[in-house]
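Quick note: the sequence shown uses the numbering used here, first residue 559, plus one each step.
We treat Cβ as the ideally placed atom computed from N, Cα and C, and that holds for glycine.
The structure presented is a predicted model; accordingly, all values stated were derived computationally and were not measured.
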Amino acid sequence: MFLKLKIYFLVCAYLVLKGAFNPVFAQSNFELLYEQTAEFFIEKVNNAQESSYQEVIEFYNEQLLKERSVKLKIQQCIFIDKVFFNEDEYYNPKYEEFENCLEQLKSDYSEFSEASIYYLYNQYEDSSIVEIEKLSDSLKNSNSELPYNIWMAYSKLANHYSEEDPGLSISYAIDAMGANDEEDLSVLVAKQYLELGETLRAKEILSENIDTSSITYNEYQKAELFEELGSYKEAYEIYLRLNDEWDNQSEIGRVLKKLDRMREARKYLVEASENNWNSRKALEEVFLFDLEYSTVDTVLHSYNEMRNEGFWADPFGIYKARMIIKKGVIGFKFRDILPFLSFIILILFCVAIPYLWIVPVYSYGKWKQDQGSTYKAFDERWNLKHFWYITSLFLIVSFLAEILFSYSDFIASWNDEFVEEKLDRLYLARTVIFSDVILVIGTFLLFKRKDWDYLWKGENPIGKDIGLGIAFYFVVRIIYLINVAIFGSDNIGSGMATSLIEEAILGVIENYGSFAAFLTLVIIAPVLEEIQFRGIMLGSASKYIPFWGANILQSVLFVAVHDNYSLFLFYFCFGMLAGYLRKNTGNYIAPISLHMINNLLAYFVILLRT
């Protein structure tokens, strides 16, 4: 009882004091007085004191019996939702009670639009989006005053549309911020402007909403975006302000390097390596800085400090190799041999993996031969050794691209460290160009002079084969639409591209130009993949197993290479149809035409979006 009176006294004192400075709290209307009680209680209730929590709940219940206030009921729900919420684990131990509070709000206050908004704001079904959008539109179109929490509806809709309609997301976000000064969605808005290619507007919205008194994660995200946008001075100022709370030494060092303040940059990077819980990552940043800007002795020292963290600091010797290339053979230790050995072992592993499908194919073919039965191959030039060579080359190139262009993230993933899921267009572009160059060279090394004729010479005139490719494209398009209808897809509407492929092509456009992207996507990829899959793989496997089996095998591998299993049906059927065209036309013109038309549409869709 004493605790309950104490709570009541504290609330009254809090509201009276706020009333002295805030006209809202100076009003006598209890509905307004209690509008922000959750904020007060959350500050006062210790999460170890369950009894205090229960007293607050009873306090709310008693007040609600005296006065039927939708705002006070919402505050009770907010209190239950926030008071014990664990931000690190994103877990609310009072979740069931919060759900009960929401249901009570919905049933007991159904006539209030404020109750409907708060209830729908905390629902996660797709239907809640439809309902809250319908409700917000009707309220907007009415002549009555908008509910005080209408910003919740706008905020939920802004976040929902951020994945599919940047313009609409921006509109709702601006409405939300206009309805509630404390709702800062500037990071969301800036990201949407970036999606629309409006970099200057993204910078403006961030600059207009810097809160110098805040040390929240939202401010940290603003600094990250400023850094991404090349506004290093603004990023530095925010990182520096957050440093005491967030330990941003690594980030400060990174942006100082961009500002050419090298001495200060290294100082912060070293501080990060001494204070950071993830010392391996911090020491890696010091080493990479020294590799670029410091003396030989300093580089050697920072490498050894990083390497002292263990084998997984440089598991394949890439950093050691870079140091040798840039600074010469210095400080080589016995422990440096193991990473190079692991690199060789992994290459050998890539070479061995193709035997998983080549050995069964070969064994089945030999067994059929022993039974007196053989298969007539439609392409005698290719053998299983060529199949093995091409699939090994795919695996080796994928591994090399990963460790050459994303080695730091590769190491972090092996060390169970957090790796932000962020598509780096420069990395993707480099991977595409590197892979294409190696695969083109590696594939055409297999060609003899007479093999070039087989690319276009067949049973039909070239025009007819091109026509077949065009006709089959419409079949492929129908299959694509069926795939999306059944499984869905993160596509760009092209019947080919996933978001990853789109980002890769955008990366090529941004860094190497639109012609390089056209050459990569529309010319090289179709020709190269048809030779590899419908030529070498299909032709060699069909010597040992029936054509239909060989066609299935190369189609499954075609799916695996594109690495988007939501489009499994599309890629598989694409491979099967292209294989059918290759066999029945006797050349590559028809399947290459099919592939080029498909990729050309993807290219134009991507180009229009830039």
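- For I902, the closest C-alpha among the options I916, G875, W915 and V887 is that of G875.
- Within the same chain, and ignoring the five residues on either side of S727 in sequence, the residues whose Cβ sits closer than 6 angstroms to its Cβ are A716, Y719, S720 and Q750.
- Closest by C-alpha distance to D739, out of I768, E722 and E753, is I768.
- Out of Q634, I905, G788 and V887, the CA that lies nearest to the CA of K761 is found in G788.
- Here DSSP, grouped into helix, strand and coil, assigns N644 to strand.
- In the structure shown, Y1102 falls within a coil segment according to DSSP collapsed to helix, strand and coil.
- Residue environment: I1150 is assigned as buried (16 or more neighbouring CB atoms within 10 Å of its CB, all protein chains considered).
- Across the structure, R821 and L958 are spaced so that their CA atoms are roughly 34 angstroms apart.
- Within the same chain, Cβ atoms closer than 6 angstroms to the Cβ of C1131 are found at I1037, the five residues on either side in sequence being excluded.
- In the structure shown, Y1161 falls within a helical segment according to DSSP collapsed to helix, strand and coil.
- Judged by their CB atoms, A1108 and A1118 are not nearer to each other than the 7 angstroms cut-off.
- Residue range Y913 to D928 is occupied by the alpha helix (DSSP H) that includes I916.
- Taking a 10 Å sphere around the C-beta of V995, we find fewer than 16 other C-beta atoms and assign the residue as exposed.
- A Cβ-Cβ contact shorter than 7 angstroms links I763 with A748.
- Cβ-Cβ separation between A711 and L693: approximately 7 angstroms, consistent with a contact (criterion under 8 angstroms).
- If you draw a 10 Å sphere on the C-beta of I636, you find 16 or more other C-beta atoms in it, and that means buried.
- By the Cβ-count criterion, K714 is buried, with 16 or more other Cβ atoms from all chains shown falling within 10 Å of its own Cβ.
- Pairing S831 with V844 gives a Cβ-Cβ distance under 7 angstroms.
- If you look at F936, you'll find it isn't in any alpha helix (DSSP H); DSSP assigns it neither H nor E.
- When DSSP reads this structure, Y649 sits in a beta bridge with N644.
- Just so you know, the alpha carbons of S686 and F1162 end up roughly 35 angstroms apart.
- In the structure shown, the three-state DSSP call for W835 is coil.
- In the three-state scheme derived from DSSP, where H, G and I count as helix and E and B as strand, N658 is classed as helix.
- The way I'd put it, the stretch 1020 to 1034 doesn't touch the stretch 1119 to 1126; fewer than three beta-carbon pairs between them come closer than 8 angstroms.
- The alpha-carbon of S993 is positioned some 10 angstroms away from that of T1078.
- For N1142, the enclosing alpha helix (DSSP H) begins and ends at F1126 to T1143.
- Taking the CA atoms as reference points, Y794 sits about 18 angstroms from S744.
- Under the DSSP assignment, Y677 falls in the alpha helix (DSSP H) whose first and last residues are S671 to Y679.
- Y920 sits close to Y1102, with the two beta carbons spaced by under 7 angstroms.
- Closest by C-alpha distance to P1104, out of S837, G1137, H1120 and E777, is G1137.
- One Cα belongs to I991, the other to F847, and the distance between them is close to 26 angstroms.
- When rounded, the separation of the alpha-carbon atoms in E613 and E975 is 42 angstroms.
- Take the alpha-carbon of C908 and the one of T1143: they are about 34 angstroms apart.
- The DSSP assignment places 1072 to 1076, 1083 to 1087 and 1096 to 1099 as complete runs of the alpha helix (DSSP H) inside the stretch 1070 to 1102, in order along the chain (cut-off: 4 residues).
- When DSSP states are grouped into helix, strand and coil, R626 belongs to the coil group.
- Rounded to whole angstroms, the separation of the alpha carbons of I810 and E803 is 14 angstroms.
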